[in-house]
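Q: Just passing along the structure, written as structure tokens.
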Amino acid sequence: MGKLMTEDEFQRIYRHVKTRYGIDMERKKEIVQGRLENYVQTGGYTTYQEYMNAVELDYTGKLERELVNLLTTNHTFFMREFDHFEYLKRMVLPELKQREEKNRDLCIWCGAASTGQEPYMLAMLLKDFFGLEHEHWDTKVLATDISTQVLEQAVRGIYEENQISVLPEHWKRRFLRPVNGGTQYEISAEIKEEVLFRQFNLMDTFPFKRRMHIIFLRNVMIYFDKETKRQLVQKVYDCMEPGGYLFIGQTETIDKTSVPFEMIRPSIFRKREG
Ligand SMILES: C[S@@+](CC[C@H](N)C(=O)[O-])C[C@H]1O[C@@H](n2cnc3c(N)ncnc32)[C@H](O)[C@@H]1O
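Structure (structure tokens):
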């Protein structure tokens with residue numbers, strides 16, 4: 066059993082994480098303590114204040130990265146909210162394919178990619194959809210997250226059998242290969258090269274040079290408060306190509322009065338053209 070976190074200590078960590086990453090852990094003191102206590106104890110810190118002093122003074126950024134790795138919730142899985150992928154295949158991709166026929170270049174961003182299941186599925190869907198024509202298109206997926214730990218796992222692209230078992234058979238056959246004596250499966254090079262993983266904090270100014278056609282921002286805004294969400298949705302709107310699509314988690318909502326997105330379904334939005 067680790068040290069008890071005082072209310073002041075909790076407030077300091079809470080404010081730090083909220084200000085930098087937007088993550089609102091206001092009523093989550095037990096969770097914060099549960100996730101940090103081993104780390105703090107093993108690191109030899111006598112109090113959480115001492116630990117936070119070290120985090121704030123560490124110019125290498127290592128302690129900050131580890132704090133983020135410990136405090137983010139990275140739960141994700143293959144086939145999550147698969148309706149979105151079906152909608153992409155049936156409605157969005159045929160429309161974009163026709164509209165972008167000249168440039169043959171789609172900008173796709175997955176903004177809370179966690180361990181990679183979501184962007185890899187997007188890449189699989191795109192390969193599948195474009196078929197033989199895929200080689201004439203650039204449909205690379207930019208996949209970002211704040212946690213370096215999940216990004217490392219995502220780049221490796223190795224999953225347990227029970228994680229991949231839900232994928233359609235033809236995707237498994239085509240895009241995964243057994244490794245480690247068949248106990249695990251690795252995403253094929255053909256798919257890996259279609260996804261570019263980078264660390265990016267959604268609270269930062271968006272650095273994109275080109276506008277996005279498709280943005281997946283699923284199951285991340287649940288951690289942000291209303292005003293943080295509003296500002297983020299505005300930035301998303303601004304970096305979106307007119308006619309582009311935003312997908313959010315199916316249990317999430319956005320304030321429709323703040324930006325003029327057209328709501329296609331409660332979790333699918335489109336930026337109006339013209
Ligand atoms: C619950 S996962 C969702 C993963 C995936 N989108 C899905 O729906 O399955 C939320 C992810 O958001 C990331 N995240 C939280 N705050 C973030 C921020 N400020 N910037 C970028 N990513 C953030 C977390 O690290 C975590 O991996």
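This note's numbering puts the sequence shown at residues 66 to 339.
Don't be surprised by glycine CBs; every beta carbon is placed ideally from N, CA and C.
1) Are there three or more Cβ pairs, one per stretch, closer than 8 Å when the region 208-223 is compared with the region 179-186?
2) Output needed for aspartate 203: all residues of its chain with C-beta closer than 8 Å, excluding positions within five of it in sequence on either side, in chain order.
3) DSSP state of phenylalanine 150, grouped into three classes?
4) Quick check on the DSSP output: what are the complete alpha helix (DSSP H) runs of length 4 or more inside the region 104-134, in order along the chain?
5) For ligand 1, I want to know if methionine 286 counts as a neighbour, meaning its beta carbon is within less than 7 Å of at least one of the ligand's heavy atoms.
6) What whole-angstrom Cβ distance do leucine 241 and tyrosine 250 have, given they're in contact under 8 Å?
7) I need the DSSP call for lysine 192, collapsed to helix, strand or coil.
8) Measure the alpha-carbon distance for valine 97 versus tyrosine 104 and round it to whole angstroms.
9) Return the residue from the list Gln114, Gly99 and Val301 that minimises the CA-CA distance to histidine 278.
10) Can you find the residues in the same chain that come closer than 6 Å, C-beta to C-beta, to glutamine 218, ignoring five residues on each side of it along the sequence?
11) Please classify tryptophan 202: does DSSP put it in a helix, a strand, or coil?
12) For a test of your reading of the model: does the CB of aspartate 193 fall under 7 Å from any non-hydrogen atom of ligand 1? Yes or no.
13) By Cβ distance below 6 Å, which residues in the same chain neighbour glycine 275 in space, the five residues on each side in sequence not counted?
14) State the Cα-Cα distance for the pair phenylalanine 147 and lysine 257, rounded to the nearest angstrom.
15) May I ask you to check if the CB of methionine 90 is nearer than 7 Å to at least one heavy atom of ligand 1?
16) Answer yes or no: the CB of methionine 268 versus the heavy atoms of ligand 1, is any distance below 7 Å?
17) Report the partner residues of tyrosine 310 according to the DSSP bridge assignment.
A: For this structure:
1) Touching, yes, given that three or more Cβ pairs across the two stretches are closer than 8 Å.
2) Beyond the five residues adjoining it in sequence on each side, aspartate 203 comes within less than 8 Å, by CB distance, of Arg169, Asp170 and Leu171 in the same chain, given in chain order.
3) DSSP places phenylalanine 150 in helix when its eight states are reduced to three.
4) With a minimum length of 4 residues, the continuous alpha helix (DSSP H) runs that stay inside the region 104-134 are 113-122.
5) It does not: the Cβ of methionine 286 is nowhere closer than 7 Å to a heavy atom of ligand 1.
6) Right, the Cβ-Cβ distance comes to about 4 Å (below 8 Å), so this counts as a contact.
7) Lysine 192: helix per DSSP, three-state reduction.
8) Going by C-alpha positions, valine 97 is about 12 Å away from tyrosine 104.
9) The closest CA to that of histidine 278, considering only Gln114, Gly99 and Val301, is found on Val301.
10) For glutamine 218, the CB contacts under 6 Å within the same chain, skipping 5 residues up- and downstream, are Thr180 in chain order.
11) Correct three-state label for tryptophan 202: coil.
12) Exclusion of aspartate 193 from the 7 Å shell around ligand 1 follows from its C-beta lying no nearer than that to any non-hydrogen atom of the ligand.
13) Note on residue identity: the sequence assigns arginine, not glycine, to residue 275. Sequence-distant Cβ neighbours of arginine 275 in its own chain, meaning closer than 6 Å and more than five residues away, are Cys172.
14) Near 20 Å, if we compare the C-alpha coordinates of lysine 257 and phenylalanine 147.
15) The answer is no for methionine 90.
16) Judged by the Cβ position, methionine 268 qualifies as a neighbour of ligand 1 at the 7 Å threshold, a heavy atom of the ligand being closer than this.
17) According to DSSP, tyrosine 310 shares a beta bridge with Ile279 and Arg335.
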